[in-house]
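Protein chains: 2
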Amino acid sequence: MLSKKTKYGIKALVYLAKKGDKLPVQTSTISESENISKKFLESILLTLKKNGILGAKKGKGGGYYLLKSPEEIQMTTIMRLLEGPIAMVPCVSLNYYERCDDCPDEDTCAVHEVMLKVRDSTLKIFRNTSLADLSDY
Amino acid sequence: MLSKKTKYGIKALVYLAKKGDKLPVQTSTISESENISKKFLESILLTLKKNGILGAKKGKGGGYYLLKSPEEIQMTTIMRLLEGPIAMVPCVSLNYYERCDDCPDEDTCAVHEVMLKVRDSTLKIFRNTSLADLSDY
DNA sequence: TATTACCCTATCGATTTAGTAGGTTAATAT
DNA sequence: ATATTAACCTACTAAATCGATAGGGTAATA
Chain F
34 MLSKKTKYGI KALVYLAKKG DKLPVQTSTI SESENISKKF LESILLTLKK
84 NGILGAKKGK GGGYYLLKSP EEIQMTTIMR LLEGPIAMVP CVSLNYYERC
134 DDCPDEDTCA VHEVMLKVRD STLKIFRNTS LADLSDY
Chain G
34 MLSKKTKYGI KALVYLAKKG DKLPVQTSTI SESENISKKF LESILLTLKK
84 NGILGAKKGK GGGYYLLKSP EEIQMTTIMR LLEGPIAMVP CVSLNYYERC
134 DDCPDEDTCA VHEVMLKVRD STLKIFRNTS LADLSDY
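In order, the protein sequences belong to chains F and G.
For what it's worth, the numbering used here labels the leading residue of the first sequence as 34, then goes sequentially.
For what it's worth, the numbering used here labels the leading residue of the second sequence as 34, then goes sequentially.
Shown next as structure tokens:
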């Protein structure tokens, strides 16, 4: 299940991408437009900023803005930042790999095998989807 | 993230499928073989029984056994039973559909669109994977 | 009739989720 | 210079979920 955090984060990014220009937008503007709790959105935009997706400007006329063009921002990046691992099981995760302690052998694990397929197909979609693609709707 | 419940459930079903025959197997046998807490496994097997996947026999020599052949048991069925919806967002779920209260229009929602693609590709894999396929490893 | 193993209910600690509250800091406008 | 603005930071919370445990009831078998 996708967390609200990720969902809100994507919506906020799409909002910024749709604007076209790179002028800063205030948290409250996005929060009102997208029906997101302001304080919660604040924390989300902050992590996006800390991870090089957004820039921020303080004071009057300040706000957040995209640091790259929407075409350059991949879904994989957003998902990993906000949602965490894309894989359903840590033992098939590329960026967050972890061994299963109940599993004697990964190579002969049935769960491992299917989840690897699922990860691959999901990853393919996320890699082929940029913020620009999302904003086309 | 796949829950332990689902993971254990799959492992237990694979265990039963690999056996070949349809003789009842005790919970404790599976729990010891697959490193699963016995009581926890008990509740999992029970829900699988209640939903027509497993049969059960009480008393000495009793246990759980598959009601259908492994080829007839789809991953989609197991996943929906134990894990819940396959979709990452309720608004793209086939069996657990729910409207998003923060979303004015589903058809123009960017999140909706990508998650629909992800659901389709995941569903394709689960539909093409039976318990028999899982047991081939 | 005793044993076995499924079946049921309740509770638990730990973690995560989706916020809320309240303040600090830095940039802008007057 | 000073007031205002809006990003930034810290801490806390209610509710839900997860993984598991405890303790017994019930039906089938030997």
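The beta carbon of each residue, even a glycine, is placed where N, CA and C say it ideally should be.
Determine whether the Cβ of residue i lies closer than 9 Å to any Cβ atom of chain F.
| i | result |
| --- | --- |
| Y170 (chain G) | yes |
| A143 (chain G) | yes |
| V47 (chain G) | yes |
| I158 (chain G) | yes |
| K38 (chain G) | no |
Could you tell me the boundaries of the alpha helix (DSSP H) in which residue i lies?
| i | result |
| --- | --- |
| Y48 (chain F) | 37 to 52 |
| K55 (chain F) | Unbroken run through K55 (chain F): none, as it is neither H nor E. |
| R152 (chain G) | 143 to 160 |
| R113 (chain F) | 108 to 115 |
| E131 (chain G) | Neither: E131 (chain G) is in no alpha helix (DSSP H) and is coded neither H nor E. |
| L127 (chain F) | First-last for L127 (chain F): undefined, no H or E at that position. |
| E104 (chain G) | From DSSP, E104 (chain G) is part of no alpha helix (DSSP H); its letter is neither H nor E. |
| I77 (chain F) | 71 to 83 |
Whose Cβ in chain G lies nearer than 7 Å to the Cβ of residue i?
| i | result |
| --- | --- |
| N84 (chain F) | Going along chain G, no residue has its Cβ under 7 Å from N84 (chain F), so there is no contact; the nearest lies around 20 Å. |
| N68 (chain F) | D135 |
| T162 (chain F) | V147 |
So residue i packs on residue j, CB below 8 Å; how close in whole Å?
| i | j | result |
| --- | --- | --- |
| G42 (chain G) | I106 (chain G) | Between I106 (chain G) and G42 (chain G) the Cβ distance is about 11 Å, and since that is not below 8 Å, they are no contact. |
| G96 (chain F) | P57 (chain F) | 3 Å |
| L164 (chain F) | L81 (chain F) | Not confirmed; about 11 Å, so no contact. |
| V125 (chain G) | L156 (chain G) | Wrong, their Cβ atoms sit about 10 Å apart, outside the cutoff. |
| I32 (chain G) | R152 (chain G) | Missing from the structure shown is residue 32 (chain G); chain G here goes from 34 to 170 and no further. |
| L114 (chain G) | A143 (chain F) | In fact, because the Cβ distance is near 17 Å, the residues do not count as touching under 8 Å. |
| V147 (chain F) | M121 (chain G) | Going by Cβ atoms, the distance from V147 (chain F) to M121 (chain G) rounds to 17 Å, so no, they are not a contact pair. |
| P44 (chain F) | E67 (chain F) | First, the amino acid is wrong: residue 44 (chain F) is Lys here, not Pro. K44 (chain F) to E67 (chain F), Cβ: 5 Å. Contact. |
| I86 (chain G) | L74 (chain G) | Their Cβ separation, rounded to whole angstroms, is 14 Å, which puts I86 (chain G) and L74 (chain G) out of contact at 8 Å. |
| K51 (chain F) | S61 (chain F) | That pair is no contact at about 18 Å. |
Can you find a C-beta in chain G that's less than 9 Å from the C-beta of residue i?
| i | result |
| --- | --- |
| K150 (chain F) | yes |
| K91 (chain F) | no |
| S154 (chain F) | yes |
Taking C-beta pairs closer than 8 Å, name the residues in chain G that residue i reaches, listed in chain order.
| i | result |
| --- | --- |
| L35 (chain F) | M121, V122, V144, M148 |
| I43 (chain F) | A143, V144 |
| T62 (chain F) | Those do not exist, as T62 (chain F) stays about 16 Å from chain G at its closest Cβ, beyond 8 Å. |
List the endpoints of the continuous beta strand (DSSP E) containing residue i.
| i | result |
| --- | --- |
| A165 (chain G) | Run containing A165 (chain G): none in the beta strand (DSSP E); it sits in the alpha helix (DSSP H), 164 to 167. |
| K90 (chain F) | 87 to 90 |
| L99 (chain G) | 96 to 99 |
Quick one: which chain G residues come within Cβ less than 9 Å of residue i?
| i | result |
| --- | --- |
| L167 (chain F) | A143, V144, E146, V147 |
Open item on the list: Along the stretch 94 to 117 of chain F, where does the CB come closer than 7 Å to a CB of chain G? Name the residues.
Closed with: M108
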